[in-house]
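Letter by letter, the sequence shown follows residues 2 to 509 in the numbering used here.
Here a beta-carbon is modelled for each residue, glycine too, at the ideal position from N, C-alpha and C.
This report concerns only the one structure given below.
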Amino acid sequence: MAILGNIIKSALELTDMVIPEPSPVKEQKEVLEHLLKKARGTAFGKEYGFSEILKKRNKAKAFFKKVPYHDYDHMHERWWKRQMEGEEDITWPGLPKYYAMSAGTTGSQSKRIPATEDMLEAIRKTSMLQILAISNFNMPADFFEKEIMMLGSTTNLEDKGLYQEGEISGISAKNIPAWFERFYRPGQKIAAISDWDEKVDAIAREAKNWDVGAMAGIPSWNELMLKRIIKYHKAKNIHEIWPNLQVFASGGVAFGPYRKTFESLLGKPITFIDTYLASEGFIAFQARPTEDMAMMLSTNSGIFFEFVPFKEENIDENGSVKQGAPSLTIGEVEEGVDYVLVVSTVAGAWRFMIGDTIRFTNKEKAEIIITGRTKHFLNVVGSQLSVIQMNKAISHMEDKYNLLIPEFTVSAVREGEDYIHHWYLGTESRPDEEKLAQSMDEFLKEMNKAYKMARSKALKNVKVSVVSPEVFYAWNEKEQQKGGQVKMPRVMKEENFEKWKEFADQHS
């Protein structure tokens, strides 16, 4: 009998009963006040008059008025660089012990986001809320006795003297609570391996010795890990190795394009849960089963959220929010509208643009879905295609042609005087590329009026090229590295796309 599991499950259900329903508006007011009080003595707090803001009745509006939006370059050069050189109390009290390397998508330079002790504690708090929420997914009692595979970047962080740096998944894994060690796989020894292929080979060798009930991480790299394990043990699917695998917690990218290929590696259905862990913090987690896998914002764990309407007049040519663009609090947003997410955090990030766009699906419960990136919005010729629309188009192609397409990228490229949309689809099948292009075009015309209008004017054609998904992974490795937080950009600028095209054509 799963005695321990029954105890844990009963405790979770009881905890869920006694914890009151969150009040996002109230919690966010408290978080902002805490941030301002804690940082008012820092160089940043003095520069922008946090003590005066705290005296205002509407602290959020006073904060918006006084403090400008910050992108990474401004935050780093003006503030974070000083604390990296040893100055204390710059944007948060003391000195950060860690910096999270955030490359996000391939082809962009690595960024270093401070990860303070307060932020790591906030991440642990939200992680516990995610665990508590599992009771809403009706898991059997024995699930709570199983191990959790957390495939992330290396925990062997680079020592920079005053601080250590690595990806947020590696920093978080290095700082997991002692009580969680018995559940954590692959364990600290394997997690410290820096080379991704070497790490996955070690996981494959040990896989049969573990009783994994849940997995967590970026879907593309978890998918490759599962394939490596299945091949190593000459199994038909992963459930021959991990018969009790019941949950995959996806993070980093939209899970939709990966679902079919992921399911092809399973022997039975499992529960998919979405999470939103970024270098800036644990933003949101899925608190209950929903058809769209909507996630609840972590409104009481050290992050204050702002929402800028994702409109052309609010965004500059680099995908950043324009100074003076209107910003809304969580009590002012509307469901079904795309917003640029802006955060202020216990890591000393202030009105910081992380580059994601989100949409509220349930305002009362503060539930959101990620709709894309401000820089991954395809609008060169007025087509106004969001990543969420691209994902739907890919899903349509999979269903119509019985394909598995876990990876894709697209760019608007010039042909003579006009533009075309050139798609690269990652699939092991070899479908007719012209038919795919025609179907993609017809689907997007029906779904998006702006796209249909663009197709009658400057957007003259749609082209599809099919390559193996392995080409995408090889590109990621060439540009940065395998594994960790690395993600393929869904939309490429024309100059980067030419490099990608040359690489893909050479490796197809």
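When you compare the CB positions of Trp81 and Val347, do they come within less than 9 Å of one another, or not? Position 80 of the sequence shown, counted from the start, is the residue given in the question as residue 81. Position 346 of the sequence shown, counted from the start, is the residue given in the question as residue 347. No, the Cβ-Cβ distance between Trp81 and Val347 is not below 9 Å.
Three-way DSSP call (helix, strand, coil) for Ile331 in this model
To locate residue 331, count along the sequence shown from 1; it is residue 330. Three-state DSSP puts Ile331 in coil, outside helix and strand.
Requested in this report: With DSSP as the reference, label Arg491 as helix, strand or coil.
Outcome: One-based indexing of the sequence shown puts residue 491 at position 490. Three-state result, Arg491: coil.
message: Could you give the first and the last residue of the continuous alpha helix (DSSP H) run that contains Leu278?
response: By 1-based counting over the sequence shown, the position of residue 278 is 277. Annotation: Leu278 is outside any alpha helix (DSSP H); the continuous beta strand (DSSP E) that includes it extends over 272-279.
Exercise for review: Hey, could you find the ends of the alpha helix (DSSP H) Leu386 is sitting in?
Suggested key: Reading the sequence shown from its first residue, position 385 is the one you call residue 386. Segment: none, Leu386 is in no alpha helix (DSSP H) and carries neither H nor E.
Quick check on the burial criterion: 16 or more other C-beta atoms within 10 angstroms. Buried or exposed for Glu314? The sequence position of residue 314 within the sequence shown is 313, counting from 1. Glu314 is exposed by the Cβ-count criterion.
Ala451 versus Glu207 - alpha carbon distance:
Numbered from its first residue, the sequence shown carries residue 451 at position 450. Numbered from its first residue, the sequence shown carries residue 207 at position 206. In a straight line, the C-alpha of Ala451 is about 52 Å away from that of Glu207.
Thinking C-alpha only, which one of Asp419, Phe263, Arg113 is nearest Glu166?
-> Residue numbering aside, residue 166 sits at position 165 when the sequence shown is read from its first letter. Residue Arg113 is the option with its Cα nearest to Glu166.
**Request:** Out of Asn497, Leu404, Asp275, point me to the one whose CA is closest to Arg431's CA.
**Result:** Stepping through the sequence shown from its first residue, residue 431 is reached at position 430. The candidate whose alpha carbon is nearest that of Arg431 is Leu404.
Fill in: CB-CB length for Pro115 against Gly349, believed under 8 Å
Counting from one through the sequence shown, the residue named residue 115 turns up at place 114. Counting from one through the sequence shown, the residue named residue 349 turns up at place 348. The C-beta separation of Pro115 from Gly349 comes to about 6 Å, placing the pair in contact by the 8 Å criterion.
Quick check on DSSP: helix, strand or coil for Asn363? In the sequence shown, counting from the first residue as 1, residue 363 sits at position 362. In the structure shown, Asn363 falls within a strand segment according to DSSP collapsed to helix, strand and coil.
Checklist entry - Whose C-alpha, out of Glu368, Lys446, Lys488, Leu246, is nearest the C-alpha of Phe273? => result Within the sequence shown, the letter at position 272 stands for residue 273. For Phe273, the closest C-alpha among the options Glu368, Lys446, Lys488, Leu246 is that of Leu246.
Check whether His234 and Gly268 have beta carbons under 9 Å apart: The residue given as residue 234 occupies position 233 in the sequence shown. The residue given as residue 268 occupies position 267 in the sequence shown. Contact flag unset, no.
Note to self: Am I right that Ile371 and Ala255 are in contact with their C-beta atoms under 8 Å? What's the rounded C-beta distance?
What the structure shows: Your numbering for residue 371 matches position 370 in the sequence shown. Your numbering for residue 255 matches position 254 in the sequence shown. Ile371 to Ala255, Cβ: 6 Å. Contact.
- Item | Where Ala203 sits in the DSSP three-state scheme | The residue you call residue 203 lines up with position 202 of the sequence shown. Shown here, Ala203 sits in a helix according to DSSP, grouped into three states.
| task | Pull up the CB-CB distance for Met448 and Gln390, whole angstroms please, since I reckon it's below 8 Å. | result | Along the sequence shown, read from residue 1 onward, the residue named residue 448 stands at position 447. Along the sequence shown, read from residue 1 onward, the residue named residue 390 stands at position 389. Sure, about 6 Å apart at Cβ, within 8 Å.
The stretch 330-339 / the stretch 153-166 touching (three or more Cβ pairs under 8 Å) = Result no; under three Cβ-Cβ pairs closer than 8 Å.
| query | Candidates Pro69, Gln84, Leu33: which alpha carbon is nearest Thr43's? | reply | Position 42 of the sequence shown, counted from the first residue, corresponds to residue 43. Residue Gln84 is the option with its Cα nearest to Thr43.
message: Please state the DSSP three-state secondary structure of Pro258.
response: Mapped onto the sequence shown, residue 258 falls at position 257. It is helical.
Terminal residues of the alpha helix (DSSP H) in which Lys453 lies: Here residue 453 refers to the residue found at position 452 of the sequence shown. In the DSSP annotation of this structure, the continuous segment of the alpha helix (DSSP H) that includes Lys453 starts and ends at 450-456.
Alpha carbon to alpha carbon, what distance is there between His397 and Asp506?
As a first step, residue 506 is located in the sequence shown; it is residue number 505 there, counting from the start. As a first step, residue 397 is located in the sequence shown; it is residue number 396 there, counting from the start. Straight-line spacing of the CA atoms in Asp506 and His397 works out to 25 Å.
Could you pull the DSSP bridge partners for Phe409 from this structure? Taking the first residue of the sequence shown as 1, we reach residue 409 at position 408. DSSP, once it has assigned bridges, lists Leu426 as partnering Phe409.
**Prompt:** Ordered along the chain, which non-local residues of its own chain (more than five positions away) have a Cβ less than 7 Å from that of Tyr70?
**Reply:** Residue mapping note: residue 70 aligns to position 69 of the sequence shown, counting from 1. Val322, Gln324, Val343, Arg352, Met354.
Practice task
Using a threshold of 9 Å, state whether the C-beta atoms of Ser280 and Ile169 are closer than that.
Solution key: Position 279 of the sequence shown, counted from the first residue, corresponds to residue 280. Position 168 of the sequence shown, counted from the first residue, corresponds to residue 169. It is a contact, given that the beta carbons lie within the stated cut-off.
So, at 8 Å on beta carbons, what are the nonlocal neighbours of Ile91 in its own chain, with the 5 sequence-adjacent residues on each side left out? In the sequence shown, residue 91 corresponds to position 90, counting from 1. Correct list, in chain order: Thr43, Ala44, Phe45, Trp80, Trp81, Arg83, Gln84, Gly349.
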